[in-house]
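K.L.:
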Amino acid sequence: MAKALQLLLAEEFEVIGVAMTALALVEVAIQTAPDVIVSDITMPDGSGLTAAAAILARRPDTRIVLVTVQDHQEVIRAAFDLGVRGYVLKSDAGDELVPAVRSVLAGARFLSSKARLSLGEPTDWDRGEQIQP
């Protein structure tokens, strides 16, 4: 999956690193300070949510987009409560990951189509901000 996402993103963005574990993600993010981090939630050695929390604790302005199969309302809300800026379900990634990264780079939040359906209603954190599609 990491390779497929890297290829998808590389068409429009410079991919400066790939981390296969949560620990490696935190280390690479702190060292390189990328414009946007795209990460899965499920990782071999831990959670992408835990990694996001660790990164945001050290670099609060970091923009993170999670790509996952997890469409549970509690997980989506927890991600945004942590400070994650984008949430894309893997089934939407082919069409919506690049727009998600663009939106997050522009300072907006992004919730993919099927993730939005999982919530079933607008939420406080997305009112007044650019959410696509």
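All residue numbers for the sequence shown refer to our numbering, where the first residue is 30 and numbers rise by one. For each residue, glycine too, the CB sits at the ideal point set by N, CA and C.
1. Only counting runs of 4 or more residues, tell me where the alpha helix (DSSP H) segments fall wholly within the segment 121-151, in order along the chain.
2. Please state the DSSP three-state secondary structure of valine 96.
3. Are the segment 59-77 and the segment 89-97 touching by the rule of at least three beta carbon pairs closer than 8 Å?
4. Just the Cα atoms here: how many angstroms apart are glycine 157 and glycine 136?
5. Under the assumption that leucine 78 contacts aspartate 100 (Cβ atoms under 8 Å), give the Cβ distance between them as a whole number of angstroms.
6. Which stretch, first to last residue, makes up the alpha helix (DSSP H) that contains glycine 77?
7. So the alpha helix (DSSP H) aspartate 69 belongs to, where does it begin and stop?
8. Strictly by DSSP, which residues pair up with glycine 46?
P.N.:
By the coordinates alone:
1. 142-148
2. Translated into positions along the sequence shown, residue 96 becomes position 67. Three-state result, valine 96: strand.
3. yes
4. To locate residue 157, count along the sequence shown from 1; it is residue 128. To locate residue 136, count along the sequence shown from 1; it is residue 107. Any answer about glycine 157 is weak, because its pLDDT of 36 lies below 50 and its placement is not dependable; what the coordinates show is given next. Going from the Cα of glycine 157 to the Cα of glycine 136 covers about 12 Å.
5. Taking the sequence shown and counting its residues from 1, the one referred to as residue 78 is at position 49. Taking the sequence shown and counting its residues from 1, the one referred to as residue 100 is at position 71. Wrong, their Cβ atoms sit about 14 Å apart, outside the cutoff.
6. Sequence index remark: in the sequence shown, residue 77 carries index 48 (1-based). Note, glycine 77: alpha helix (DSSP H), 77-87.
7. Translated into positions along the sequence shown, residue 69 becomes position 40. Per DSSP, aspartate 69 belongs to no alpha helix (DSSP H); it is in the beta strand (DSSP E), 65-69.
8. Within the sequence shown, residue 46 is the residue found at index 17, counting from 1. The partner list for glycine 46 (beta bridge, DSSP) is empty, contrary to what the question assumes.
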